[in-house]
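So the protein sequences, as listed, match chains D and H.
Residue 222 in our numbering is what sits at position 222 of the first sequence, and the numbering runs on without skipping anything.
Residue 75 in our numbering is what sits at position 75 of the second sequence, and the numbering runs on without skipping anything.
By construction, the Cβ of each residue, glycine as well, lies at the ideal position given by its N, Cα and C atoms.
All values derive from a computational prediction rather than experimental measurement.
Let me begin by presenting the structure, written as C-alpha cells, before commenting on it.
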Amino acid sequence: MTDIKKATISGHGSRRTFLKTTALAAIAAPAVLRSGRAHAAKSTIKVGHVSPRTGALAGFAEADDYVLGGIRKMFDGGVDNNGRKVRIEIVSKDSQSNPNRAAEVAAELILKDEVDIIVAASTPDTVNPVADQAEVNGTPCITTDCPWQPYFFGRNGDPAKGFQSTYHFFWGLEDVIGAFLSLWDVPGVGKSVGGLFPNDADGNAWGDRERGFAKPLAAAGFKLTDPGRYQPLSDDFSAQINAFKQAGVEIVTGNMIPPDFATFWSQSGQQGFRPRIVTIGKALLFPSVIASLGERGVGLSSEIWWSPNHPFSSSLTGDSARKLAEGYVAAAKRPWTQPIGFKHALFEVVADVVKRTKDLERPESIVEAIRTTKLDTIVGPVDWSRGPVKNVTKTPLVAGQWQKRGGGLELVITTNKTAPSIPVGGELVLL
Amino acid sequence: MAPHVKIERGTRTSRIAGRLALVLLAALAAAPWWTGRANLRLLGEFYTFVALASLWNLLAGYAGLVSVGQQAFVGFGGYVLFAAAMFYGVPPLLAIVLAGVVGALIALPMAPLLFRLHGAYFAIGTWVAAEVFRLSFAQVSVLGGGSGTSLPARLVTGIAATRDQRDMLLYWCALALGLGTVAMIYALLRSRAGLALAAIRDSEIASESLGIDIFRTKLAIYVATAAVTSMVGALIFLQKLRISPDAAFSVNDWTAYVIFIVVIGGIGTIEGPIVGAIVFFLLRETLADLGTIYLVILGMVAIAVMLKAPRGLWGSFSHRTGIVLFPLRRRVVHPDAR
Chain D
1 MTDIKKATIS
11 GHGSRRTFLK
21 TTALAAIAAP
31 AVLRSGRAHA
41 AKSTIKVGHV
51 SPRTGALAGF
61 AEADDYVLGG
71 IRKMFDGGVD
81 NNGRKVRIEI
91 VSKDSQSNPN
101 RAAEVAAELI
111 LKDEVDIIVA
121 ASTPDTVNPV
131 ADQAEVNGTP
141 CITTDCPWQP
151 YFFGRNGDPA
161 KGFQSTYHFF
171 WGLEDVIGAF
181 LSLWDVPGVG
191 KSVGGLFPND
201 ADGNAWGDRE
211 RGFAKPLAAA
221 GFKLTDPGRY
231 QPLSDDFSAQ
241 INAFKQAGVE
251 IVTGNMIPPD
261 FATFWSQSGQ
271 QGFRPRIVTI
281 GKALLFPSVI
291 ASLGERGVGL
301 SSEIWWSPNH
311 PFSSSLTGDS
321 ARKLAEGYVA
331 AAKRPWTQPI
341 GFKHALFEVV
351 ADVVKRTKDL
361 ERPESIVEAI
371 RTTKLDTIVG
381 PVDWSRGPVK
391 NVTKTPLVAG
401 QWQKRGGGLE
411 LVITTNKTAP
421 SIPVGGELVL
431 L
Chain H
1 MAPHVKIERG
11 TRTSRIAGRL
21 ALVLLAALAA
31 APWWTGRANL
41 RLLGEFYTFV
51 ALASLWNLLA
61 GYAGLVSVGQ
71 QAFVGFGGYV
81 LFAAAMFYGV
91 PPLLAIVLAG
101 VVGALIALPM
111 APLLFRLHGA
121 YFAIGTWVAA
131 EVFRLSFAQV
141 SVLGGGSGTS
151 LPARLVTGIA
161 ATRDQRDMLL
171 YWCALALGLG
181 TVAMIYALLR
191 SRAGLALAAI
201 RDSEIASESL
211 GIDIFRTKLA
221 IYVATAAVTS
231 MVGALIFLQK
241 LRISPDAAFS
251 VNDWTAYVIF
261 IVVIGGIGTI
271 EGPIVGAIVF
281 FLLRETLADL
291 GTIYLVILGM
301 VAIAVMLKAP
311 RGLWGSFSHR
321 TGIVLFPLRR
331 RVVHPDAR
C-alpha cells in the first residue's frame, strides 16, 4: 500500500516505471487490502493523538514529550483486556495550531494509521475539527482542554441527540463564571465589570447573551460593560478602555489570547485605566506569558483547572498531582503548566476504556466503554453519565491569582467555593 | 518547388505522453479499486492542490495577474457550500457547482476595482480583498461568526449509502476538478484567448495596438479562475467538515503553499504546477512530523530552487531537454525533417 502511494506521488518523472509499478500493484492490491489488520487478532490498540505542537497554541502542548513519555512507558507493558494483555500504541500528530491541518491529520490518523481511538486536546481549533472527522468516520474520540460549550454548540450539537462517537471532558462557562464570581467576592471592589470577548470560538461563547457571562453576572448583582466582539490580534483597545473608564469598571474579565491581553494591558497602563481585579481566561494560564509582562504581571488572576495542589492522583501510575508536576519541572527545567494534568488524564481515560471494552474489534463497543466511564483521574472524576449534555462531562474548576512566592511567580488558588475539595493557597490581593 | 511546410504544435514526445496520460488517467480513475481510503483521500487532496496551483499559474504565469488573495475564493466557496447545505438543504455535491456560479458572480464586480491596480499594488489589493472576505464572514453569526461551524454529520453521510461509496464519489469529484482544471487551462491557452494572453503577457501596449481587448481578456480569466477556485474551495471544506474564517481565508494554506508549488514546479508552464504539487506532497508526507524544521526545510527548498533553477524544476528541465508534454507553441515543420 505504501509503495502504491509513493509511486503515485513521485512517479511523474518516469511514467513508464510508474505505470509498471501501478499495474503490478493493481493486481496485487486486493490481496493486500483483504489481509488488513482489521481481521487480525487485536494485540495492539492504536491511539491517534492530535495536539498543537507548533504555532500560536504551542504553549498548550509544551509538556507533550514529558507526558507522552511517561504514558508510553506504562502502555508498553500492556493493559488487561478480557484476561489478555493488549499493547497501546500512540501515534502523535502536530496540528500546527491550524484547524485545517488538524482536520487533515485527524483524517490521516483515521484512514491511514487506522487508529482505534483518536484523542485531541487544547482549544476549539484543535478539538472541534478532530471530533468532526471522528464523528463522520464513526471513530471513537475523546477530547479535553476546551470549555464544553464551544465544543458542543460550536459543532452544532443538539442536546437531545448528542453525538455518536465523540466524547469530551472539561469544565464549562457556568463553572468559570461561578469561579470568577467567587474570586471577586472580596470587600472593597465595586460591582462594575468590563468584558473583553474576541470574535473567535471562545470569545463568542463567553460573550454570548444567552449562554455567556451576561445573565449570571446580572443575577449576581454585577453590571457588565461589553463593548462588543473585537477582532483577535487587534492593536488598539482604546475604545474598550474608554468604555470601561466611563462605566467606572473596577473588574476586567474576558477570554483573550496572550498577545491581545499584552496589548490591552500596556495600553490600559498608558491611558491611566487602573482596575482593581483583572481576571482573564486563556491568556493568563502560562507562567511564560506572565513573566513576559514583567512587574505588571503580578496580581493578575485566572481560572485554574489543574495545579499541583489538586487533591487527585493518577489512576495509571498512582502519582499525585504534585508528583506529576514536579516530575515535569525537574525534567524540562520549566515551571509547571495546567495542561499537563489534562494531557495525562486523557490517556488515563484511554487506558481505562481499553480495559473495559468488551470487543476491541468493534468501534461501537469502544464507544460503549467510553460512555460508561467512571474513573477518578488526576484532574478529578470523569463520568459521562453525569454530564450537562450528552457526550460531555465536567471536571472541577477554581480560580486564583499570580502572586510572588519565594523567588518567582506562582499561581495561587484564592477561592474554592466551586470545588471545596481543592485547597486554597492564599487570599486575593487587589491590584 | 517550395517544400510543403506544416504548422504543428505536437511533438513526438507530447503525442506519446498524451497516450500515456490516458492510461495514467484510467489508472487514477480506477484508484478506488487498487488502493485504500487513506490514499484516496490523499490523492483527492493532491488533485485539489493541483487545481489551485494550476489556476494561480493561469493568473500569474499567463495573465500577469499576480494575486495573493486567491484564498478569498477558496473560503468563499467553502462558505457557500456550508450555507447552501445547512440552510437550504442543497445536496453537498450540487452545492459545489453552486459555489462555482456564486464565486463567478462575486468576482465580477471585484475585478474592475482590482484591475485599477497594477503589479505589486494589484497583489496587495487582492490580499486586502481576501481580508475583507475574512472579516465579513467573521460577522455572520448564523455561520458561527469568528468561531466557525461544523457541517452536520448527517449531511455528509447522506452523500452516499455507504462510507466507501462516499469516499469514491468525493475522490472522483476531486479527480474531475483537478483534471478538468488542467484540461480547461490547456484548451484555453491553445485557443484565440490563449494567444491574446501570451501577447498581453509579453507586452500590454503592443497587444492593445493589435486590437486585443486587454480588460475583457483579463476579466474573463479572473472570473473563470474565481469560479473554479470557489468550486475547489467548496470541495476542500466538504472534506474538512469544519469551516471558520481563519481556516477558510488562510493566506498560508491556500495561497502561500500554492505559490510555493507553482514556483518550485515552474511558473508559466502547464506541467509546472503538477510537478510542484508532487514535490510539495512528497515533502509534506515525509517531513511534516518534524514540526518547525519541516517549515524551515520548505523555505530552504524554495530558496534553493529560486537561486539554482529560477524557471522551476519543470521549467529548467524543459528548457534543457526541449521536452514539452503540453505543447502550446506552434512550430514550423519541414516535411523532409520528419
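Within the continuous beta strand (DSSP E) that includes residue i, where are the two ends?
i         : result
Pro461(D) : Chain D is shown only over 1 to 431; residue 461(D) falls outside these bounds and no answer can be derived.
Ile259(H) : First-last for Ile259(H): Tyr257 to Gly265, but that is the alpha helix (DSSP H), not the beta strand (DSSP E).
Ala160(H) : No beta strand (DSSP E) contains Ala160(H), which DSSP labels as neither H nor E.
Asn252(H) : Premise fails: Asn252(H) is in no beta strand (DSSP E) and is neither H nor E.
Phe169(D) : Thr166 to Phe169
Leu409(D) : Gly408 to Thr415
Thr144(D) : Cys141 to Thr144
Glu8(H)   : Lys6 to Glu8
Skipping 5 residues on each side, what residues in its chain have a beta carbon closer than 7 angstroms to that of residue i?
i         : result
Arg101(D) : Ser95
Trp336(D) : Pro308, Ala325, Tyr328 and Val329
Lys404(D) : Val298
Glu62(D)  : Thr337
Ser35(D)  : Any reading at Ser35(D) must be qualified, since the residue scores a pLDDT of 38, below 50, and its modelled position is unreliable; the value itself is stated next. For Ser35(D), where only same-chain residues beyond five positions count, there are no Cβ hits under 7 angstroms.
Gly178(D) : Thr418
Gly212(D) : Leu173, Ala205 and Trp206
Compare the beta carbon distance of residue i and residue j with 8 angstroms and say whether it is the shorter of the two.
i         : j         : result
Leu360(D) : Asn81(D)  : yes
Gln240(D) : Pro259(D) : no
Asn98(D)  : Gly70(D)  : no
Pro147(D) : Leu109(D) : no
Val115(D) : Gly48(D)  : yes
Val119(D) : Thr143(D) : yes
Trp56(H)  : Ile259(H) : yes
Gly178(H) : Gly75(H)  : no
Met74(D)  : Leu316(D) : yes
Gly426(D) : Thr414(D) : yes
Gly265(H) : Val275(H) : yes
Val389(D) : Gly162(D) : yes
Trp402(D) : Trp305(D) : no
Phe263(D) : Ala243(D) : The displayed chain sequence assigns Thr, not Phe, to residue 263(D). Their beta carbons are not under 8 angstroms apart, which means Thr263(D) does not touch Ala243(D) by this criterion.
Cys173(H) : Leu52(H)  : no
Can you list, in chain order, the residues of its chain whose CB lies under 6 angstroms from that of residue i, leaving out five sequence neighbours each side?
i         : result
Leu430(D) : Arg276
Val353(D) : Ala369 and Ile370
Ile236(H) : Thr48
Ser54(H)  : Thr181, Val182, Ile185 and Pro273
His310(D) : Ala321 and Ile422
Arg166(H) : Ile159 and Ala160
Glu8(H)   : Arg331 and Val333
Thr217(H) : Ala196
Ala130(H) : Gly69, Gln71, Ala72 and Phe249
Could you tell me the boundaries of the alpha helix (DSSP H) in which residue i lies?
i         : result
Ser136(H) : Gly119 to Phe137
Leu151(H) : Element bounds for Leu151(H): n/a, residue is neither H nor E.
Glu285(H) : Glu271 to Leu287
Glu250(D) : That residue, Glu250(D), is in no alpha helix (DSSP H); it is neither H nor E in DSSP.
Leu25(H)  : Arg12 to Ala29
Trp336(D) : From DSSP, Trp336(D) is part of no alpha helix (DSSP H); its letter is neither H nor E.
Gln361(H) : Residue numbering for chain H in the displayed model covers 1 to 338; residue 361(H) lies beyond these limits and cannot be assessed.
Can you find a C-beta in chain C that's less than 8 angstroms from the C-beta of residue i?
i         : result
Asn156(D) : The structure shown contains no chain C; the protein chains it does contain are D and H.
Using a Cβ-Cβ cut-off of 8 angstroms (strictly less than) and excluding sequence neighbours within five positions of residue i, which residues of its own chain qualify?
i         : result
Ala201(D) : Thr123, Pro124, Asp125, Asn128, Pro150 and Gly154
Leu290(H) : Ile297
Exercise. Taking the runs of the alpha helix (DSSP H) that are 4 residues or longer, which of them lie wholly in the segment 174-239 of chain H?
Worked result: 192-202 and 204-209
Exercise. Given a limit of 7 angstroms on CB to CB distance, which residues of the segment 46-66 of chain D reach chain H?
Worked result: Arg53 and Thr54
Exercise. What are the start and end residues of each continuous alpha helix (DSSP H) run of 4 or more residues lying completely inside the segment 295-333 of chain H, in chain order?
Worked result: 312-321
Exercise. When Cβ atoms are compared, which residues of the segment 120-148 of chain D fall closer than 9 angstroms to chain H?
Worked result: Pro124, Asp125, Asn128, Pro129, Ala131, Asp132, Gln133, Glu135, Val136, Asn137 and Gly138
Exercise. Where are the beta strand (DSSP E) runs, 3 residues long or more, that stay fully inside the segment 48-134 of chain D, in chain order?
Worked result: 79-81, 84-94 and 117-121
Exercise. If you scan the segment 172-244 of chain D from start to end, which runs of the beta strand (DSSP E) of 3 or more residues do you find wholly inside it?
Worked result: 192-196 and 223-225
Exercise. Going along the segment 266-291 of chain H in order, which residues come within less than 8 angstroms of chain D, judged by CB to CB distance?
Worked result: Ile274, Val275, Ile278, Phe281, Leu282, Glu285, Ala288, Asp289 and Gly291
For this session: Identify every run of the beta strand (DSSP E) within the segment 252-328 of chain D, keeping only runs that are complete inside it and at least 3 residues long; order them along the chain.
Result: 277-281 and 301-304
Exercise. What beta strand (DSSP E) runs, 3 residues minimum, are completely inside the segment 345-402 of chain D?
Worked result: 374-377 and 380-383
Problem set entry | Interface positions of the segment 143-159 of chain H facing chain D (Cβ-Cβ less than 9 angstroms), listed along the chain | Gly144, Gly145, Gly146, Ser147, Gly148, Thr149, Ser150, Leu151, Pro152, Ala153, Val156 and Thr157
Exercise. Which of the residues in the segment 218-232 of chain D, read from start to end, lie with their CB under 9 angstroms from any CB of chain H?
Worked result: Arg229, Gln231 and Pro232
Exercise. Listed from N- to C-terminal order along the chain, which residues in the segment 31-44 of chain H have their beta-carbon within a distance smaller than 9 angstroms of any beta-carbon of chain D?
Worked result: Ala31, Trp33, Trp34, Thr35, Gly36, Arg37, Ala38, Asn39, Leu40, Arg41, Leu42 and Leu43
Problem set entry | Cβ-based contacts, 7 angstroms cut-off: residues of the segment 217-245 of chain H near chain D | Lys240, Leu241, Arg242 and Ser244
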